[in-house]
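Right, one structure below, let's go through it.
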Amino acid sequence: MNCYGVSVNLKNIPELDPEFTPLLKFNEAFLKDATKPVSIAVERADGQMAACHTKIHEEAEMTQANHYYIDRLVKTMIWLQGGFRVYVNDKDLYDYLSSVYCKGGAREFDWDFMSHIYEHEFEIVFTEQVPETKNAPIAMGGHLEGCRIGFDAGGSDRKVSAVIDGETVFSEEVVWFPKVTEDPQYHYDGIVAAFKSAAEHMPRVDAVGISSAGIFINNRTMSASLFLSVPKDLYESKVKDIYIRAVKDTFGDIPYAVANDGDVSALAGTMSLKDNNVLGIAMGTSEAVGYVDEEGRITGWLNELAFVPVDANPNAMIDEWAGDIGCGVKYFSQDGVIKLAPRAGIQLDESASPAEKLKAVQKLMAEDDPRAAKVYESIGCYLGHTLAYYYQTYGFRYVLLLGRVMSGKGGDILMETCDRVLKDEYPEIADKFQLKLPDEYFRRVGQSMAVASLPQIG
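The sequence shown begins at 605 in our numbering and counts up by one.
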């Protein structure tokens, strides 16, 4: 395969997507003859920094490949680790990045999104001295002492648990409709009602842990699909601090913590595995990811791998929301299954919802339909190549595979194919981490216990 003048060779190709070009393989081929050193750093909240020292080509005919390589690198860094300011020490790359990360540029979505969540306009900075990496991981979770509330705000139901000294004494799920409700008072009232419901089953409340899909910085809700319908002015005044207000208004000044539900799933994985350094990937409506580091800490990185590019094929499928191609959401979610099913000869009902289309493929898989098996084999091939790419940044010891796409026979085929591709294409790292599915402990108490264990008391 040839992409931007760079030749990429593969042994393992997804049968239903023969033009798939793993970004890691493209990067390796690009860097093979690159000689010009360049450095990139991305700054995020509280002065934290992700830095990368790499190389590009000096030949003029490789300018397009240079630009593509750096664009994918910067995009990976801002969605994996987060950031609102990019430092670069090469003038041509500075000019290029400035032309795409701006209003009207090819990366306008990324520019606008990061400006919003970090409350600082996204900018590209030319500097001869690029800052070095600076991380500030937070010790969070694993605290089981005392009387705790664990609250998970889902898109269709809200779950709350009362936990006393590590034992769940009460759990409740309540259906609600946050995504279609404009008035944030509805959300606030639902959160407080859940808190009070759990509090009734304990002698006191020592701490509250909260999880939800979204981006949270310093316990503030910077972006979350739960509040999709809330007008922008009300979002600023009523939503960003909604969980902080709900805790303080209900219980006063007690410890609390708000975390992305992907990070909480990874934390639940560490509790189940009794070990750290876990990347959790939930393949459902999107690709939801969380990570707990070697010391059992949450990193503060975004981990929004749905937006991280994984495929260098110029004809890769576009993500309609972000307006970019080859990103994780179209490979590791129900969208990936729906994309591949017709290529396997499976005709899906176009009037059906995405969830219903996934169920149709799962039903065929349960009947051992070979067409459905090809879908999961192809996704497993995607995942094997992509985990090698993710490993470069995370260095994880375990990958916990979750979500609806992983359920049933299809999930088994996906995992087996992924393992085979890793061993065949990336033997140097294949034995450095393990693929895991949720065990019975995780399924039974993992998430609620992990949420409740987020804040430290005292």
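Even for Gly, the Cβ is constructed at its ideal location relative to N, Cα and C.
Member of the options whose CA lies at the smallest distance from the CA of residue i
i     : options                      : result
N613  : P626, V912 and C931          : P626
E776  : D787, I795 and P782          : I795
R711  : Y722, E727, P807 and D696    : E727
G885  : Y895, D879 and L877          : Looking at the sequence shown, residue 885 is not Gly but Ile. When each option's Cα is compared against that of I885, the closest is Y895.
H661  : L635, A797 and R676          : L635
A910  : Y847, G758 and T889          : T889
V893  : T874, L1006, G1012 and L1041 : L1006
P859  : D867, A850, G866 and D865    : A850
N917  : A645, Y673, D637 and E771    : Y673
Y790  : L838, S765, I753 and A766    : L838
D845  : R824, K852 and D865          : R824
E981  : C1022, Q951 and P946         : C1022
S1011 : Q996, C985, A970 and Q1051   : A970
N739  : A645, G927 and P974          : A645
P1042 : C985, L871, V704 and H720    : L871
H724  : D867, R689 and G873          : R689
Contacting residues, own chain, Cβ-Cβ under 7 Å from residue i (five flanking each side not counted)
i     : result
L1058 : M744, G745, G813, A861 and A863
K978  : E619, L620 and A948
L906  : W683, L684, Q685, G686 and I819
T737  : M653, A654 and A655
K800  : T854
V610  : F630, A633, F634 and A669
I768  : C751 and M806
Beta-ladder partner(s) of residue i, from DSSP
i    : result
H657 : S643
T825 : F820
G754 : S765 and G813
M887 : E891
D915 : P626
R901 : A743
Y860 : V812
T680 : The partner list for T680 (beta bridge, DSSP) is empty, contrary to what the question assumes.
Helix, strand or coil at residue i according to DSSP, with G and I counted as helix
i     : result
E777  : strand
L830  : helix
L1058 : coil
Y691  : strand
T874  : helix
M666  : helix
F788  : The sequence given here places Pro at residue 788; Phe does not occur at that position. Helix at P788.
N631  : helix
G988  : helix
R1001 : coil
A926  : coil
K844  : coil
T737  : coil
E712  : helix
V941  : helix
E749  : coil
F730  : strand
E723  : coil
S1052 : helix
S982  : helix
S801  : helix
Same chain only: Cβ atoms within 6 Å of residue i, ignoring 5 sequence neighbours per side
i     : result
A803  : V809
K842  : P788
A1034 : L1026 and K1027
A649  : I821
N883  : It should be pointed out that residue 883 corresponds to Leu in this sequence rather than to Asn. Only Y895, Y998, F1000 and V1003 meet the Cβ criterion.
V784  : S833
S702  : I728
Close Cβ partners of residue i (< 8 Å) along its chain, the five nearest in sequence each way excluded
i     : result
V1009 : M887, G888, F936, S937, Q938, G940, V941, L962, I983, G1015 and L1018
E960  : D953
I848  : N823, R824, Y860 and V862
R901  : P741, I742, A743 and M744
Within the stretch 1005-1043, ranges of the alpha helix (DSSP H) (whole runs, at least 4 residues): 1012-1029 and 1031-1034
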